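Written out below as structure tokens is the structure these notes cover.
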Amino acid sequence: MKNALLLLFFAIASEVVNAQWTVTKGPYGGDIRCMTTFKNVIYAGTGSGVYISSNNGLSWKDISILRNGTVLSMVHNDTFVFASSSKGIFRTKDHGNNWETAKSFKIGEIPEKLFINENILYASIRDTLCKSLNNGSSWQPTGLRKKTNSIAFKDSFIFAATFEGLYRSADDGNSWIKVLNQTSGMEVVKKDSFIIFSTYNGVYRSLNNGDQWSYVNYGINTQVLRGLYVHNNAIWVASYKGPIRSIDNGNSWTLLGNGLNGPISNIEAYTHTDSFLLTGTTFGIHKFDSINATWIDRTNNLNSNNVSVLYTSDSTIYTSNLNGFSYSNDFGNKWKNIHPEGILLLKWGDSLFASAYNKFIFSTNGGQSWVDKPTNVINSGIREMYSLKGRIYISTGDGVYFSDNFGNQWTLMTNGLPKVPISAFNINDKIFAAGTNEGIYISIDYGQTWVKKSDLFNTSQERILDITINDTLLFVFNYNKIYMSKDYGNSWLNISHNFDSVIYKDIISIGKFLIVGTSGNGVYLTNINNGIWRQINEGFPENLFIINLQRSDEYLFAGTQGKGLWMRKLDEFITYISSFEANDFFSIYPNPSQGQISIRTNSTLLGAKFTIYNLLGETMLTGNISEEKTFVSIDSLKEGIYIINVGGICEKIVLTR
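Position in the sequence shown (from 1) plus 138 gives the number in this note's numbering.
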């Protein structure tokens, strides 16, 4: 018996290692919120964590505890790098190998900005500028009760830029006076003997610590946004037209935006090394080439994109992300951006048809070139797009339209379908389904006539998010409920699992399996014949937020929030999950676990004994199943893979720290 168990242990361990999700090599990019450089290592805070580069941005590494939080601000002193994220303030002194919580905050009180002067750390917490004398462990308010965007230090003064103007303190922040009454104050810096203050409407400078100010006319017809920065005797600001530089203290300015990806106004941050300047934008990271006065892309393998998978066929993948449409024809190894504004895409024979903000676009050469198709339909907002039998169908903010001539003219479907916003839409050769605030509408004659079938959700508060169709099976879901219909929407069965705090984002149906992407819990799978749910997260980072799922003949793809595009071979995936079909009597949640599991069983296993083994077959924990939901602490075990035996049925457990 023990030898049989050992064989099972190693078989399961092997499957865990060999069958798992892997991240593709792109599409690269990321929403860079803040940057800093510490001991020749560049830190980039993104919408999904921190990345570091120790080779001047040639490659990037996603680091540690902050990988699942929005990073709002980063600074450093001689010992620590500090990061303010949506989870609190963290600090590291070993380049992200280890992070510790400097301070936890309540929701709504997370510091949006961090500033530092020698060993004093400052933070804008709600509407108060606070300071810490112990590296962020505790905080005390200063006398400034304003939301602070930036601070600078000169002589014995502290300057604070706020949306109500620029304030100055001469007593370490205990009291403040307003020295410049310019609203929309963005940032303030010290440059030699100057104090430079940027506002939405322009830049001001003072030679006498703010007693008098002069307006800087930079000679370019644009408005300043943010990104005021001093490097190598130059002043940089960000504007609607791109970065502007002055090398003579603001007397003259030059627009230098050549080479930046995406809209050049979206500069969020600057940092520098000893030799060059880097800028972070909502589209990535660029290094300034001072010799050629241009920017060089340094995003490289930084994969902090929100990725939607739009279409897959054989080895070709089309995605939509911050950089627009991208595609790969070698399973995600190499990528090419094919349109900077793409949102939704449809493949029609050898052509591509897509929506791009205020217009439709199409390409007949695989996205190498595009032709615009202006239309007023786009003004109502395109939600979904499909093709069937020579027509294109789109769901919008005021109904469902179709086109018989590749998007040149559109016809609104009205026979039984109200002219209301369509929150979910899907079609196949047998069923058209549309979710609205008034219920679910079904058509079985290609959209010629529609019948209202259900108002499953209280749609004034819980609108239908998506609809999936598999032959004649219909699946609809909102945030935490999934319903299935086998009779064209006449009756519905709630097939949601009862796991806590799972929010559904996308679902895909493959045979008898329903695969579900979630917000922060990765991917789940259920066999619709028995309703047993399992997490299928091998290879994923923790708390992965799935945006959508797509499949090709060979792979399943998961587009994520801030973590790029992931893939898993479909035959390995199905083989792996099918191997657990014999064990439809219990499930483990969460799995992987950080210290506590819940054993969910049906009534046949009540009173059964459970045993947890390590991979050597040694007994680690035992107990009894007393309820259909039994909680067990495994916090005393070491990180690794374990096997739980419940009533003679085995399941793996992954323990992480």
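Beta carbons are placed, not taken as given, at the ideal position from N, Cα and C, and that holds for glycine.
Values in this document were obtained by computation on a predicted structure and should not be read as measured data.
Its chain contains Gly702 and Trp704 as the residues whose beta carbon lies nearer than 6 Å to that of Val161, once the 5 sequence neighbours on both sides are disregarded; these appear in chain order. Here Lys472 is exposed, its C-beta having fewer than 16 other C-beta atoms within 10 Å.
Relative to the Cα of Ser458, the nearest Cα in the group Pro478, Ser451, Gln734 and Tyr353 belongs to Pro478. Judged by their CB atoms, Lys269 and Gly323 are not nearer to each other than the 8 Å cut-off. Considering only Ser464, Ile791 and Thr217, the residue with the shortest C-alpha distance to Val447 is Ser464.
Assigned with DSSP and collapsed to three states, Asp536 falls in coil, not helix or strand. Three or more Cβ pairs drawn from the stretch 191 to 198 and the stretch 436 to 446 lie within less than 8 Å of each other, which places the two stretches in contact.
Relative to Ser466, the option among Gly504, Ser525 and Leu687 whose CA is nearest is Gly504.
Within the stretch 644 to 668, the runs of beta strand (DSSP E) that reach at least 3 residues and sit entirely inside it are, in chain order, 651 to 656 and 661 to 665. Following the DSSP letters along the chain, one finds Leu482 inside the beta strand (DSSP E) bounded by residues Leu482 to Trp486. Taking the Cα positions, Ser647 is about 17 Å away from Asn618.
Sequence-distant Cβ neighbours of Ser725 in its own chain, meaning closer than 7 Å and more than five residues away, are Ile670, Trp671, Arg672 and Arg738. Nearest neighbour of Gly528 by Cα position, chosen from Gly487, Thr768, Lys707 and Arg171, turns out to be Gly487. Linking Val589 to Val188 through their CA atoms gives a straight-line distance of about 50 Å.
Counting other Cβ atoms within 10 Å of its Cβ, Phe769 stays below 16 and is therefore classed as exposed.
Shortest Cα-Cα distance from Tyr342 to any of Lys292, Phe498 and Asn355 involves Asn355.
Shown here for Arg706: same chain residues with a beta carbon closer than 6 Å to its own, the five before and five after excluded, namely Trp159 and Leu694 in chain order.
No residue range can be given for Ala431, since it is assigned to no beta strand (DSSP E) and is classified by DSSP as neither H nor E.
In the three-state reduction of the DSSP assignment, Glu789 falls in the strand class, which pools E and B.
By the C-beta density criterion, Gln699 is buried, having at least 16 other C-beta atoms within 10 angstroms. Ile532 counts as buried, since no fewer than 16 other beta carbons sit within 10 angstroms of its beta carbon.
Of the other Cβ atoms in all chains shown, fewer than 16 fall within 10 Å of the Cβ of Pro512; this residue is therefore exposed.
Within a 10 Å sphere around the beta-carbon of Leu282 sit 16 or more other beta-carbons, which makes this residue buried. Restricting attention to beta strand (DSSP E) runs no shorter than 3 residues, the stretch 322 to 389 encloses them at 323 to 329, 332 to 337, 340 to 344, 352 to 354, 367 to 369, 372 to 377 and 380 to 384, ordered along the chain. Note that the C-beta distance between Thr656 and Ile641 is below 8 Å. In the structure shown, the three-state DSSP call for Leu555 is coil.
Across the set Thr184, Asp386, Val654 and Trp374, the C-alpha of Trp374 shows the shortest separation from the C-alpha of Leu393. Contact between Leu460 and Phe491 is absent: CB atoms are separated by about 22 Å, not below the 8 Å threshold. In this structure, the CA atom of Asn475 is about 39 Å from the CA atom of Asn387. Contact annotation: Val538 and Ile560 have beta-carbon atoms nearer than 8 Å. DSSP, reduced to helix, strand and coil, places Leu743 within a helical segment of the structure shown. Beta-bridge pairing by DSSP links Ala494 to Lys497. Nearest neighbour of Leu210 by Cα position, chosen from Ile620, Ile227, Gly234 and Ile684, turns out to be Ile227.
Note that the C-beta distance between Ile763 and Leu744 is below 8 Å. Contact between Gly185 and Ser442 holds, with the beta-carbon distance rounding to 7 Å and staying under 8 Å.
Pairing Ile607 with Glu765, the inter-Cα distance amounts to about 36 Å.
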